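Chemist: The structure that follows is given in the form of structure tokens.
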Amino acid sequence: MWVKNIVRFNVNARYYANCRAELVVGTIRGIEVRMKNNPTHNRIKSSAKNANGDKNGSGPLQPGTVAPNFELNSTPDQKVDLIHFRGRPVILAFYPADWSPVCGDQLALYNEILPDFNKYAAQLIGISVDGTWCHTAYAQNRQLHFPLLADFEPKGAVARMYGVYDDSVGECERALFVIDKDGIIRWSYVSPAGVNPGADGILRALESLDKKKELAHA
Amino acid sequence: MPNESESPTLSMPVSDRRDHIQGPATAAVTLVEYGDYQCPYCGEAYGVLKKLMPKLGDSARLVFRNFPLTQIHPHAEHAAEAAEAANAQGKFWKMHDILYERQTALEDEDLVSYAGEIGLDVARFQAELFERKFIDRIREDFQSGVRSGVNGTPTFFINGRRHDGPFDLQTLSEAVMMAMNSGQEARPHKHHRPQA
Chain R
150 MWVKNIVRFN
160 VNARYYANCR
170 AELVVGTIRG
180 IEVRMKNNPT
190 HNRIKSSAKN
200 ANGDKNGSGP
210 LQPGTVAPNF
220 ELNSTPDQKV
230 DLIHFRGRPV
240 ILAFYPADWS
250 PVCGDQLALY
260 NEILPDFNKY
270 AAQLIGISVD
280 GTWCHTAYAQ
290 NRQLHFPLLA
300 DFEPKGAVAR
310 MYGVYDDSVG
320 ECERALFVID
330 KDGIIRWSYV
340 SPAGVNPGAD
350 GILRALESLD
360 KKKELAHA
Chain P
32 MPNESESPTL
42 SMPVSDRRDH
52 IQGPATAAVT
62 LVEYGDYQCP
72 YCGEAYGVLK
82 KLMPKLGDSA
92 RLVFRNFPLT
102 QIHPHAEHAA
112 EAAEAANAQG
122 KFWKMHDILY
132 ERQTALEDED
142 LVSYAGEIGL
152 DVARFQAELF
162 ERKFIDRIRE
172 DFQSGVRSGV
182 NGTPTFFING
192 RRHDGPFDLQ
202 TLSEAVMMAM
212 NSGQEARPHK
222 HHRPQA
């Protein structure tokens, strides 16, 4: 029987080298079993948006809005309160799910350019509806050096506050917010589903915060 | 908010002096790849480009820029440095090809043995590799990618605009053909320079 040939099966889905859409879901007789995903067409069908780019009517909070405060768990026994970062810029990266390939790329990229964010003293925070145990495993696997917050219970409450919850799939949209040191949203962006937004927009937003600061001091 | 229907564009123009280019400057289409030598998807893309580029002949050129994701690919940056060290001896593409063909063996001793295989001055190669002579250039490539909206590896730019679709042979061919056909519409791309 084929099933008898399974020597080892890794329940821990390991992301194969992590840079594109492939999950190693197990090992059968020493051969890795991979689950392929199309990073670009992933869930594109469920992503019909209205003109404002949102799927629940309100749309993402716009620049100039005070960033709603929240407190979410980053690990099973640690909470992160947004207000603690007052005094430095914060980048909120809402993403649909841990382990999903496009997110992997996105967070791997942000992880790689943390030094660039650090130049602006900016704190990067990832948020999805996954639970803390899932986040912990994911962050360890990908060696992520920034917190992932669990918008888990009530599910998606923070994403809804920011206008970036996708009711049709029960996940956060792929949305970015840059919040200044005073807690005001200065830039927001919702990416089409399946398209990784990259980091150029974030860096431009951080740069313009810096320029405003320079002007204020001039 | 930025227009979501438009993909980002290349922020650092292609330079004949600086970039690694295969194909003529007169080509109608310039395909820029930001790649990582340890990334298996870049490995797949390498195979696709080996089939695609000869078919396009003189109408397309390929540019390779480094985008090593060092946090997840511990050998990627050194491999990129090896390719740059080979470039210093005029053999960038030979090293580039061998790195993608043997992606699973990118330890330092592998890199040195490839240098010997492609006929480099191994002592010079080793010295330049270990003094990290080309690291600034690699970081410059990387930063230009970040600023251009590179969002994973590989990321392609076709005539300066990020290609957001898959990169199998058919999709990439179609995207290149489309750029070729729309070339006459004189949409100036940042990296298209007037020919002298």
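Here the protein sequences line up with chains R and P, keeping their order. Take the position in the first sequence, starting the count at 1, then add 149; the result is the number in our numbering. Take the position in the second sequence, starting the count at 1, then add 31; the result is the number in our numbering. We treat Cβ as the ideally placed atom computed from N, Cα and C, and that holds for glycine. Quick caveat: nothing in here was measured; it's all calculated off a predicted structure.
#1: Does any residue of chain P have a CB that is nearer than 9 Å to the CB of Val327(R)?
#2: If the cut-off is 8 Å on Cβ atoms, which residues from the stretch 102 to 113 of chain P count as contacting chain R, listed in chain order?
#3: Kindly list, in the order they appear in chain R, the residues whose Cβ is closer than 9 Å to that of Val177(P).
#4: With 7 Å as the limit, tell me which residues of the stretch 156 to 180 of chain P have their beta carbon closer than that to any beta carbon of chain R; keep them in chain order.
#5: In the structure shown, what three-state DSSP assignment does Val228(P) receive?
#6: Of all the residues that make up the stretch 274 to 292 of chain R, which are near chain P by a beta-carbon distance shorter than 8 Å?
#7: With distance defined between alpha-carbon atoms, name the residue in Gln157(P), Gln69(P), Ser38(P) and Val60(P) nearest to Leu137(P).
#8: Considering only residues of the same chain and omitting the five flanking positions on each side of Ile328(R), which have a CB-CB separation below 6 Å?
#9: Can you give me, in chain order, the residues of the stretch 39 to 58 of chain P that have a beta carbon less than 8 Å from any beta carbon in chain R?
#10: Taking 9 Å as the threshold (C-beta atoms), are Arg323(R) and Val344(R) in contact?
#11: Buried or exposed: which applies to Leu200(P), given that a residue is buried once 16 or more other Cβ atoms fall within 10 Å of its Cβ?
#12: Go ahead and label Thr184(P) buried or exposed: buried means 16 or more other beta carbons lie within 10 angstroms of its beta carbon, across all protein chains shown.
#13: Identify the continuous alpha helix (DSSP H) that holds Glu138(P) and give its terminal residues.
#14: Rounded to the nearest angstrom, how far is the Cβ of Phe188(P) from that of Val63(P), given a contact under 8 Å?
#15: May I ask you to report which of helix, strand or coil DSSP gives Leu100(P)?
#16: Rounded to the nearest angstrom, what separates Trp124(P) and Arg192(P) at their Cα positions?
#17: Measure the alpha-carbon distance for Thr61(P) versus Ile262(R) and round it to whole angstroms.
#18: Closer than 8 Å between beta carbons: that is the criterion. Which residues of the stretch 115 to 131 of chain P meet it against chain R?
#19: Mind pulling the chain R residues with CB within less than 8 Å of Gly191(P)?
#20: Is any beta-carbon of chain R found at less than 9 Å from that of Met209(P)?
#21: Taking just the CA atoms, how far does Ala116(P) sit from Thr281(R)?
#22: Since Asp359(R) meets chain B, which of its residues come closer than 8 Å, beta carbon to beta carbon?
#23: Is the stretch 130 to 146 of chain P touching the stretch 174 to 183 of chain P in the sense that three or more CB pairs, one from each, lie closer than 8 Å?
#24: Which residues bound the beta strand (DSSP E) around Val63(P)?
#25: Using a cut-off of 9 Å between C-beta atoms, extract the partners of Asn97(P) located in chain R.
#26: Cutting at 6 Å between CB atoms, please list the residues of its own chain near Val94(P), excluding the five before and the five after it.
#27: Are the C-beta atoms of Asp316(R) and some chain P residue less than 9 Å apart?
#28: Would you say Asp254(R) faces chain P, with C-beta separation under 9 Å as the test?
#29: Is the separation between the beta-carbon of Tyr311(R) and that of Leu297(R) shorter than 9 Å?
#30: Going by beta-carbon coordinates alone, are Leu370(R) and Val181(P) separated by less than 9 Å?
#31: Could you give the uninterrupted runs of the beta strand (DSSP E) lying entirely in the stretch 257 to 292 of chain R, keeping only those of 3 residues or more?
#32: Is Val344(R) helix, strand or coil when you go by DSSP?
Modeler: Answer, in terms of the structure:
#1: Position 178 of the first sequence, counted from the first residue, corresponds to residue 327(R). Among the residues facing chain P, Val327(R) is not included, as its CB has no counterpart in that chain under 9 Å away.
#2: Along the stretch 102 to 113 of chain P, the positions whose C-beta sits under 8 Å from a C-beta of chain R are Gln102, Ile103 and His104, read in chain order.
#3: As a first step, residue 177(P) must be located in the second sequence, where it is residue number 146. Residues of chain R with a Cβ closer than 9 Å to the Cβ of Val177(P) are, in chain order, Leu258, Glu261, Ile262, Asp265, Gly347, Ala348, Asp349 and Leu352.
#4: Listed by position along the chain: Val177, Arg178, Ser179 and Gly180.
#5: No information on residue 228(P) is available, as it lies outside the stretch 32 to 227 that chain P covers here.
#6: Listed by position, the residues of the stretch 274 to 292 of chain R near chain P (Cβ gap below 8 Å) are Arg291 and Gln292.
#7: What you label residue 137(P) is simply residue 106 of the second sequence in a count that begins at 1. Comparing C-alpha distances from Leu137(P) to each of Gln157(P), Gln69(P), Ser38(P) and Val60(P) shows the shortest one belongs to Gln69(P).
#8: Start at 1 with the first residue of the first sequence, and residue 328(R) comes out as number 179. Taken in chain order, the residues that qualify are Ala216, Val239 and Ile334.
#9: Against chain R - using a Cβ distance shorter than 8 Å - the residues of the stretch 39 to 58 of chain P are Pro39 and Ser42.
#10: Here the question's residue 344(R) lines up with position 195 in the first sequence. Here the question's residue 323(R) lines up with position 174 in the first sequence. Closer than 9 Å, so yes.
#11: In the second sequence, the residue the question calls residue 200(P) occupies position 169. Looking at its Cβ environment, which holds fewer than 16 other Cβ atoms inside 10 Å, Leu200(P) is exposed.
#12: As a first step, residue 184(P) must be located in the second sequence, where it is residue number 153. Buried, since its Cβ has 16 or more Cβ neighbours within 10 Å.
#13: As a first step, residue 138(P) is located in the second sequence; it is residue number 107 there, counting from the start. Annotation: Glu138(P) is outside any alpha helix (DSSP H) and is labelled neither H nor E by DSSP.
#14: Counted from its first residue, the second sequence places residue 188(P) at position 157. Counted from its first residue, the second sequence places residue 63(P) at position 32. Rounded, the Cβ-Cβ distance is 4 Å, consistent with contact.
#15: Sequence index remark: in the second sequence, residue 100(P) carries index 69 (1-based). The answer is coil: DSSP assigns Leu100(P) none of H, G, I, E or B.
#16: Here residue 124(P) refers to the residue found at position 93 of the second sequence. Here residue 192(P) refers to the residue found at position 161 of the second sequence. Each residue's CA atom was taken as its position, placing Trp124(P) and Arg192(P) some 24 Å apart.
#17: The residue given as residue 61(P) occupies position 30 in the second sequence. The residue given as residue 262(R) occupies position 113 in the first sequence. Taking the Cα positions, Thr61(P) is about 27 Å away from Ile262(R).
#18: For the stretch 115 to 131 of chain P, which is checked against every Cβ of chain R, not one residue is closer than 8 Å.
#19: Against the second sequence, residue 191(P) aligns to sequence position 160. The CB of Gly191(P) never comes closer than 8 Å to any CB in chain R; the least such distance is about 14 Å.
#20: The residue you call residue 209(P) lines up with position 178 of the second sequence. Taking 9 Å as the CB threshold, Met209(P) stays off the interface with chain R.
#21: Here residue 281(R) is taken as the residue at index 132 of the first sequence, counted from 1. Here residue 116(P) is taken as the residue at index 85 of the second sequence, counted from 1. Taking the straight line from one Cα to the other gives about 44 Å.
#22: Protein chains in the displayed structure are R and P, and chain B is not among them.
#23: For the pair of segments examined, the stretch 174 to 183 of chain P was found not to touch the stretch 130 to 146 of chain P: the number of CB pairs separated by less than 8 Å stays below three.
#24: By one-based count along the second sequence, residue 63(P) stands at place 32. Here the beta strand (DSSP E) through Val63(P) covers Val60 to Gly66.
#25: Counted from its first residue, the second sequence places residue 97(P) at position 66. Going along chain R, no residue has its Cβ under 9 Å from Asn97(P), so there is no contact; the nearest lies around 13 Å.
#26: Here residue 94(P) refers to the residue found at position 63 of the second sequence. Val45, Asp50, Ile52 and Val63.
#27: Translated into the one-based positions of the first sequence, residue 316(R) becomes position 167. Asp316(R) does not count as touching chain P.
#28: Residue mapping note: residue 254(R) aligns to position 105 of the first sequence, counting from 1. Contact with chain P is found for Asp254(R), since one of that chain's Cβ atoms lies less than 9 Å from the residue's Cβ.
#29: Within the first sequence, residue 311(R) is the residue found at index 162, counting from 1. Within the first sequence, residue 297(R) is the residue found at index 148, counting from 1. No, they are not a contact pair.
#30: Residue numbering for chain R in the displayed model covers 150 to 367; residue 370(R) lies beyond these limits and cannot be assessed.
#31: Within the stretch 257 to 292 of chain R, the complete beta strand (DSSP E) runs of at least 3 residues are 272 to 277.
#32: Along the first sequence, read from residue 1 onward, the residue named residue 344(R) stands at position 195. Looking at Val344(R) - three-state DSSP - the assignment turns out to be coil, as it is neither helix nor strand.
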